[in-house]
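The numbering of the sequence shown is our numbering, which starts it at 643 and goes up by one.
Have a look at the structure below before the remarks.
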Amino acid sequence: MFVFYIIVTLLIPATMIIFGLIWSKNPPMDINWRYGYRTHWSMKNQETWQFAHKFIGKLWTQLGFVLLAISIVTMIYFSGSNLDTLGIIVLVLTIFQLAGLILPIIPTELALRRKFNAEGRRN
(Lines of atoms letter the chains of each structure in order from A; the text may use other names.)
(Lines give C-alpha, C1' and ligand atoms only; values in the text may rest on other atoms or scores of the structure.)
Protein backbone atom coordinates (compact mmCIF):
# COMPACT_ATOMS: atom_id res chain seq x y z
CA MET A 643 0.00 0.00 0.00
CA PHE A 644 2.91 2.36 0.69
CA VAL A 645 4.03 2.10 -2.96
CA PHE A 646 0.51 3.06 -4.08
CA TYR A 647 0.57 6.07 -1.77
CA ILE A 648 3.95 7.14 -3.15
CA ILE A 649 2.64 6.91 -6.73
CA VAL A 650 -0.50 8.88 -5.88
CA THR A 651 1.57 11.52 -4.09
CA LEU A 652 3.88 12.01 -7.06
CA LEU A 653 1.19 12.29 -9.77
CA ILE A 654 0.42 16.01 -9.44
CA PRO A 655 4.05 17.22 -9.19
CA ALA A 656 5.05 14.96 -12.09
CA THR A 657 2.17 16.29 -14.19
CA MET A 658 3.18 19.86 -13.37
CA ILE A 659 6.78 19.18 -14.35
CA ILE A 660 5.88 17.43 -17.60
CA PHE A 661 3.34 20.02 -18.77
CA GLY A 662 5.51 22.84 -17.46
CA LEU A 663 8.47 21.68 -19.55
CA ILE A 664 6.30 21.11 -22.62
CA TRP A 665 4.46 24.42 -22.39
CA SER A 666 7.50 26.55 -21.54
CA LYS A 667 9.45 25.18 -24.52
CA ASN A 668 6.70 24.26 -26.98
CA PRO A 669 3.26 25.71 -26.18
CA PRO A 670 0.21 24.40 -28.07
CA MET A 671 0.29 25.93 -31.53
CA ASP A 672 -3.37 26.76 -32.00
CA ILE A 673 -5.77 28.44 -29.62
CA ASN A 674 -8.35 25.79 -28.78
CA TRP A 675 -10.91 24.77 -26.16
CA ARG A 676 -9.56 21.24 -25.67
CA TYR A 677 -5.96 21.49 -24.50
CA GLY A 678 -3.87 24.16 -22.87
CA TYR A 679 -4.07 27.07 -20.48
CA ARG A 680 -7.49 28.37 -21.46
CA THR A 681 -8.65 31.64 -19.92
CA HIS A 682 -10.29 34.70 -21.38
CA TRP A 683 -7.01 36.62 -21.40
CA SER A 684 -4.82 33.80 -22.69
CA MET A 685 -7.13 33.14 -25.64
CA LYS A 686 -7.32 36.75 -26.94
CA ASN A 687 -4.79 36.09 -29.70
CA GLN A 688 -1.79 33.96 -30.60
CA GLU A 689 0.67 36.19 -28.76
CA THR A 690 -1.24 36.06 -25.47
CA TRP A 691 -1.71 32.30 -25.92
CA GLN A 692 2.04 31.73 -26.34
CA PHE A 693 2.96 34.10 -23.50
CA ALA A 694 0.54 32.51 -21.02
CA HIS A 695 1.77 28.98 -21.74
CA LYS A 696 5.42 29.91 -21.43
CA PHE A 697 4.77 31.84 -18.22
CA ILE A 698 2.73 29.18 -16.43
CA GLY A 699 4.99 26.48 -17.86
CA LYS A 700 7.99 27.96 -16.08
CA LEU A 701 6.03 28.36 -12.85
CA TRP A 702 4.70 24.80 -12.97
CA THR A 703 8.14 23.36 -13.71
CA GLN A 704 9.75 25.12 -10.76
CA LEU A 705 6.87 24.53 -8.38
CA GLY A 706 6.52 20.93 -9.56
CA PHE A 707 10.10 20.15 -8.55
CA VAL A 708 9.59 21.82 -5.16
CA LEU A 709 6.37 19.87 -4.55
CA LEU A 710 8.04 16.66 -5.72
CA ALA A 711 10.88 17.11 -3.23
CA ILE A 712 8.52 17.99 -0.38
CA SER A 713 6.33 14.99 -1.18
CA ILE A 714 9.22 12.52 -1.34
CA VAL A 715 10.77 13.78 1.89
CA THR A 716 7.40 13.73 3.67
CA MET A 717 6.59 10.20 2.48
CA ILE A 718 10.02 8.91 3.52
CA TYR A 719 9.62 10.54 6.94
CA PHE A 720 6.24 8.88 7.47
CA SER A 721 7.13 5.56 5.80
CA GLY A 722 6.91 3.61 9.05
CA SER A 723 3.48 4.98 9.96
CA ASN A 724 0.26 2.99 9.92
CA LEU A 725 -2.04 3.12 6.89
CA ASP A 726 -4.50 5.54 8.50
CA THR A 727 -1.75 8.06 9.19
CA LEU A 728 -0.32 7.60 5.69
CA GLY A 729 -3.78 8.16 4.22
CA ILE A 730 -4.09 11.46 6.07
CA ILE A 731 -0.58 12.51 5.01
CA VAL A 732 -1.38 11.70 1.36
CA LEU A 733 -4.63 13.68 1.60
CA VAL A 734 -2.85 16.72 3.09
CA LEU A 735 -0.07 16.53 0.48
CA THR A 736 -2.62 16.23 -2.32
CA ILE A 737 -4.52 19.30 -1.12
CA PHE A 738 -1.22 21.19 -0.86
CA GLN A 739 -0.27 20.04 -4.36
CA LEU A 740 -3.64 21.04 -5.82
CA ALA A 741 -3.14 24.51 -4.38
CA GLY A 742 0.27 24.56 -6.07
CA LEU A 743 -1.37 23.52 -9.33
CA ILE A 744 -4.12 26.15 -9.21
CA LEU A 745 -2.51 29.18 -7.53
CA PRO A 746 -0.06 29.90 -10.41
CA ILE A 747 -3.11 31.00 -12.40
CA ILE A 748 -3.09 34.24 -10.38
CA PRO A 749 0.43 35.44 -11.31
CA THR A 750 -0.11 34.23 -14.89
CA GLU A 751 -3.27 36.30 -15.27
CA LEU A 752 -1.60 39.29 -13.63
CA ALA A 753 1.36 38.99 -16.01
CA LEU A 754 -1.02 38.84 -18.99
CA ARG A 755 -2.73 42.02 -17.81
CA ARG A 756 0.64 43.77 -17.32
CA LYS A 757 1.95 42.77 -20.76
CA PHE A 758 -1.24 43.13 -22.81
CA ASN A 759 -4.16 45.53 -22.92
CA ALA A 760 -7.83 44.46 -22.91
CA GLU A 761 -7.73 43.90 -26.70
CA GLY A 762 -4.70 41.63 -26.43
CA ARG A 763 -2.14 44.09 -27.78
CA ARG A 764 1.19 44.57 -25.99
CA ASN A 765 1.32 47.52 -23.61
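Idealized CB from N, CA, C, for every residue including glycine.
On a predicted model such as this, the values are computed, not experimentally measured, just so you know.
Output the boundary residues of the alpha helix (DSSP H) element that contains residue i.
i    : result
G729 : 725-744
G706 : 688-719
Which residues in the same chain as residue i place their Cβ atom closer than 7 Å to its Cβ, once the five residues preceding and following it in sequence are excluded?
i    : result
K757 : F693, R764, N765
S721 : F644
P655 : G706, L709, L710, S713, Q739
Which residues does DSSP list as the beta-bridge partners of residue i?
i    : result
F661 : Paired residues: none, contrary to the question.
R764 : F758
To which residues of the same chain is residue i closer than 6 Å at the C-beta, ignoring the five residues directly before and after it?
i    : result
G803 : A query on residue 803 cannot be resolved here, the shown segment of the chain reaching from 643 to 765 and no further.
I730 : none
Would you mind working out which of the options sits nearest residue i, comparing C-alpha positions?
i    : options                : result
T750 : N668, T681, L663       : T681
D672 : A656, I737, T690       : T690
A711 : K696, L752, Q739       : Q739
N687 : L735, N674, L652, L653 : N674
G699 : I737, T651, I664       : I664
Report all residues from its chain with a CB closer than 8 Å to the CB of residue i; omit the five preceding and five following residues, and keep chain order.
i    : result
R755 : W683
L701 : G662, P746, P749, T750
From residue i to residue j, what does the alpha carbon distance come to, in whole angstroms?
i    : j    : result
N668 : I744 : 21 Å
A760 : L752 : 12 Å
Q704 : N724 : 32 Å
I660 : M685 : 22 Å
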